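The structure under discussion appears below in the form of structure tokens.
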Amino acid sequence: MGKIMLEVNQLTTKYVTRANEDVYAVDHVSLKIEEGKSLGIAGESGCGKSTLALSLIGYYFPPLHYMSGDIIIDGKNISGLDPDTVRKSVLGTDVAYIPQAAMNALNPTRKVYKFIEDVIHAHGLDMTNKDIYDMAHKRFEEVGLPEEALLKHSVELSGGMRQRVVIAISTILNPKVLIADEPSSALDVTSQKMVIKMMREMMDKGMVKSMIFITHELPLLYNVTDDIMVMYAGQIVEKGTAKQMVFDPVHPYSRGLMRSILVPEAGTRDVKLTAIPGTPPNLKHPPAGCRFADRCKYAVPACKVNAMPIMEFEDNREYRCGHSVQHLREVYEHEDRAE
Amino acid sequence: MKTELNNEAAVKAGPNTEGMNQEQLRQLEEGVSLKIDRNKDFSNAPSVLRGEGVTRIFTTGKTRTVAVDHVNFNFHKGELISIVGESGSGKTTLSKMLLGLLEPSDGTIYFNDQVRDISTGAKKRAYWKGIQAIFQDPFSSYNIFHKIDSVLEDCINLRGGKNLSKQEKYDMMTEACSFVNLKFAELTNKYPFELSGGQMQRLMIARIFLLKPEILLADEPTSMIDACSRATILDMLLKLRDETGMTVIFITHDIGLAYYISDAVYIMEHGKFVEQGPAEKVILEPQAPYTKRLISDVPKIHEPWDLSTVG
Ligand SMILES: Nc1ncnc2c1ncn2[C@@H]1O[C@H](COP(=O)(O)OP(=O)(O)O)[C@@H](O)[C@H]1O
Ligand SMILES: Nc1ncnc2c1ncn2[C@@H]1O[C@H](COP(=O)(O)OP(=O)(O)O)[C@@H](O)[C@H]1O
Ligand SMILES: [Mg+2]
Ligand SMILES: [Mg+2]
């Protein structure tokens, strides 16, 4: 087993709304990523993916509050640090974060290389602007970006180029963990592929030591990450390798998600596309038992009462459901045969 | 930690079905499954919308953009057509011309085999009884000052139901809402912005249910929706098509989605249709280099995704 780059234990965070109500968007989340590995996080919008990303980087500014749990990056526990310290000494070096829609957030009046000076200065590194430019140039070359991009304003770049530039800037200090929230969702397929290719190369060359990739697009996750975690209503409901999750999901919700995949491949037109009726629960008042029970066609009365912990099965797989894996598989097999 | 599992006992009881309507119960029981007849042949079906050399040029200052460049198409009654292209390829411009919201710079559009005439306000309104749209952002297509009741009532009035009794209108609105799994009683007196994105999208389909247009144009109708609710929306659209013989024009950048739902696919690049034909043919045996690239660039789950094709 490789060195653990990120370890999260029972992390719980919440929003406190202006009406002083609690929204439990990240509830007892645990995960581990080894050096060189990537983890995908999937789930419907509102399930807490972006909140988990913010929580992992220790961005605890109101209305987001840390409740409990540990975030350990390469042996260093950052969960107790105050958010300003985190911003200064953790972000960029230990963990880099690409927020949703980051590519549109660059200040349009500054040239690209200026942002890199900002990053270096923010970390108090003693480098001349010439050194910074040379370093940036070298990095751009290594990841296949043209030098001209450094000298342009962000608005002069195409969407795909801008997003690659954002990623190159954010990771210039070789972070241990890169957390990317929907980094390619707004892009056309070819630009998306270029972004993904660059991220892959950065992983391969060790410029980024591990990665969390958030998206609701499952075929993309399947191709990008080693492992996939499915979130539902603030909790992890299943985790496994990308292959296991797409072709052998165990949790009824993961199964529903995987059966909503549409890809332009022979045979896929004959597969029955299924939907999960209903909507996720309100996170201000999450149900006492299983959070998915109200939408689950396999639910039994006990599901509404007993909140299940996440449990391990087979090799390193995890799921959260009151039914046994064997039972679920039997039911699925029966259904598949009936189709 | 390995845990053997427990509450296996009562497998019969089922989920919380309180307050669900018949359709929701059915969905829970069977799952939504799109029933699509793959063997329909539309080549002899009547043409509802046809275009010859349809073009739109925008001129701003010195720049001249040919947003739609001499496209030809023929959409048949009851057919589901997808127009697929990347952003900027001209999809929205074309849909505006189809809807009569934007004048073509060149070319002719035929509606039911007659040259389309929308030269007066009255003729336009008559045309709009035949073609309706659902937009990408459902919020943008409602008047925020109109309550949902009046949004739906307008549809009834537009279809000549102005003089129906209050009760008859109420029944129609209730029926339309229940078709899309909304409860009219819960929506009445609300404003559109009080609804969630998903509810809003359903309300749009409820409108179409009342309007029963010959042609429905949907510009990225599911792009704001999660994959698992997407099937529900698509199911509703397809049911509506099967019940009314409506032609559906689906504008999308999602080639997997287009492949799944369409009878015919048109691939658009820089304002031109570079390839068109039955979905099975266009997607599985693409001929145009652009179509080949699009398909190869979409991540898949059975075939490997070859990253080496991009620089
Ligand atoms: N600033 C906020 N204040 C209160 N609740 C919020 C805030 N931001 C997000 N939420 C809620 O937290 C939940 C998780 O949201 P988010 O993490 O953005 O989900 P995702 O990224 O999976 O779409 C949602 O129910 C959302 O409404
Ligand atoms: N009102 C307008 N004025 C000038 N150019 C426009 C206008 N609308 C669209 N365009 C241009 O036409 C092209 C096609 O745009 P659009 O139809 O919106 O494409 P899509 O919907 O496929 O993204 C783009 O280059 C766009 O910039
Ligand atoms: Mg998000
Ligand atoms: Mg558009």
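Going line by line, the protein sequences match chains V and G.
The opening residue of the first sequence carries number 1214 in my numbering; numbering runs sequentially from there.
The opening residue of the second sequence carries number 145 in my numbering; numbering runs sequentially from there.
Every residue, glycine too, gets a C-beta built ideally from N, C-alpha and C.
As the structure is a prediction and not an experimental result, all values here were calculated from the model.
Name the chain C residues whose beta carbon is nearer than 8 Å to that of residue i?
{"i": "threonine 1438 of chain V", "result": "Of the protein chains in the structure, V and G, none is chain C."}
What did DSSP end up calling residue i once you bin it into helix, strand or coil?
{"i": "alanine 154 of chain G", "result": "With a pLDDT of only 34 at alanine 154 of chain G, under 50, the local geometry of the prediction cannot be trusted, and the value read off the model is given with reservation. Alanine 154 of chain G falls in the coil class under three-state DSSP."}
{"i": "arginine 1375 of chain V", "result": "helix"}
{"i": "alanine 402 of chain G", "result": "helix"}
{"i": "valine 1308 of chain V", "result": "strand"}
{"i": "tyrosine 1272 of chain V", "result": "coil"}
{"i": "alanine 1393 of chain V", "result": "strand"}
{"i": "aspartate 363 of chain G", "result": "strand"}
{"i": "glutamine 420 of chain G", "result": "strand"}
{"i": "arginine 208 of chain G", "result": "strand"}
{"i": "methionine 1415 of chain V", "result": "helix"}
{"i": "aspartate 213 of chain G", "result": "strand"}
{"i": "asparagine 218 of chain G", "result": "strand"}
{"i": "glutamate 297 of chain G", "result": "helix"}
{"i": "isoleucine 1255 of chain V", "result": "It is worth fixing the name first, because residue 1255 of chain V is alanine in this sequence and not isoleucine. If DSSP states are grouped into helix, strand and coil, alanine 1255 of chain V belongs with the strands."}
{"i": "leucine 428 of chain G", "result": "helix"}
{"i": "histidine 1536 of chain V", "result": "coil"}
{"i": "valine 454 of chain G", "result": "coil"}
{"i": "methionine 1280 of chain V", "result": "strand"}
{"i": "alanine 1488 of chain V", "result": "coil"}
{"i": "threonine 388 of chain G", "result": "helix"}
{"i": "lysine 146 of chain G", "result": "Only weak support is given to the placement of lysine 146 of chain G: the predicted model assigns it a pLDDT of 33, under 50, and the value that follows is read from those uncertain coordinates. Correct three-state label for lysine 146 of chain G: coil."}
{"i": "serine 187 of chain G", "result": "coil"}
{"i": "arginine 194 of chain G", "result": "strand"}
{"i": "isoleucine 1385 of chain V", "result": "coil"}
{"i": "isoleucine 278 of chain G", "result": "strand"}
{"i": "valine 259 of chain G", "result": "strand"}
{"i": "isoleucine 1409 of chain V", "result": "helix"}
{"i": "arginine 1352 of chain V", "result": "helix"}
For the beta strand (DSSP E) holding residue i, just list the boundary residues, first then last.
{"i": "arginine 182 of chain G", "result": "Where arginine 182 of chain G is concerned, there is no enclosing beta strand (DSSP E), given that its DSSP letter is neither H nor E."}
{"i": "methionine 1214 of chain V", "result": "Here methionine 1214 of chain V belongs to no beta strand (DSSP E), and DSSP marks it neither H nor E."}
{"i": "arginine 1530 of chain V", "result": "1530–1532"}
{"i": "threonine 252 of chain G", "result": "250–255"}
{"i": "isoleucine 395 of chain G", "result": "391–396"}
{"i": "glutamate 1525 of chain V", "result": "1524–1526"}
{"i": "isoleucine 227 of chain G", "result": "224–229"}
In the DSSP assignment, the alpha helix (DSSP H) including residue i goes from what residue to what residue?
{"i": "arginine 269 of chain G", "result": "265–274"}
{"i": "phenylalanine 289 of chain G", "result": "No alpha helix (DSSP H) contains phenylalanine 289 of chain G, which DSSP labels as neither H nor E."}
{"i": "lysine 436 of chain G", "result": "433–441"}
{"i": "lysine 313 of chain G", "result": "310–323"}
{"i": "glycine 413 of chain G", "result": "Here residue 413 of chain G turns out to be glutamate, not glycine, going by the sequence shown. First-last for glutamate 413 of chain G: 408–413, but that is the beta strand (DSSP E), not the alpha helix (DSSP H)."}
{"i": "glycine 1469 of chain V", "result": "1465–1471"}
{"i": "glutamate 1361 of chain V", "result": "1361–1364"}
{"i": "leucine 242 of chain G", "result": "235–242"}
{"i": "glycine 1516 of chain V", "result": "Note that residue 1516 of chain V corresponds to cysteine in the displayed sequence, not to glycine. Residues 1514–1518."}
{"i": "alanine 329 of chain G", "result": "328–331"}
{"i": "leucine 355 of chain G", "result": "341–355"}
When you measure from the CB of residue i to every non-hydrogen atom of ligand 4, does any distance come out below 7 Å?
{"i": "threonine 366 of chain G", "result": "no"}
Less than 7 Å separating the Cβ of residue i from some heavy atom of ligand 3?
{"i": "aspartate 370 of chain G", "result": "no"}
{"i": "aspartate 1394 of chain V", "result": "yes"}
{"i": "glutamine 1313 of chain V", "result": "yes"}
Problem set entry | Closer than 6 Å: residues whose CB approaches a heavy atom of ligand 1 | Per the Cβ criterion, the list is V/Tyr1228, V/Thr1230, V/Val1236, V/Ala1238, V/Gly1256, V/Ser1258, V/Gly1259, V/Cys1260, V/Gly1261, V/Lys1262, V/Ser1263, V/Thr1264, V/Pro1276 and V/Leu1496.
Problem set entry | Every unbroken beta strand (DSSP E) within the region 1285–1347 of chain V, with a cutoff of 3 residues, ordered by chain | Here the runs fully enclosed are 1308–1311.
Exercise. Residues with a Cβ closer than 5 Å to any heavy atom of ligand 2, in chain order?
Worked result: The set of residues with any CB-heavy atom separation to ligand 2 below 5 Å comprises, in chain order, G/Phe202, G/Thr209, G/Ala211, G/Ser231, G/Gly232, G/Ser233, G/Gly234, G/Lys235, G/Thr236 and G/Thr237.
For this session: Could I get the ranges of all uninterrupted beta strand (DSSP E) runs contained in the region 1214–1246 of chain V, with 3 residues as the minimum, in chain order?
Result: Correct list: 1217–1229.
For this session: Please specify which runs of the alpha helix (DSSP H), each continuous and at least 4 residues long, are wholly inside the region 1422–1462 of chain V, giving them in chain order.
Result: Whole alpha helix (DSSP H) segments, 4+ residues: 1431–1437 and 1455–1460.
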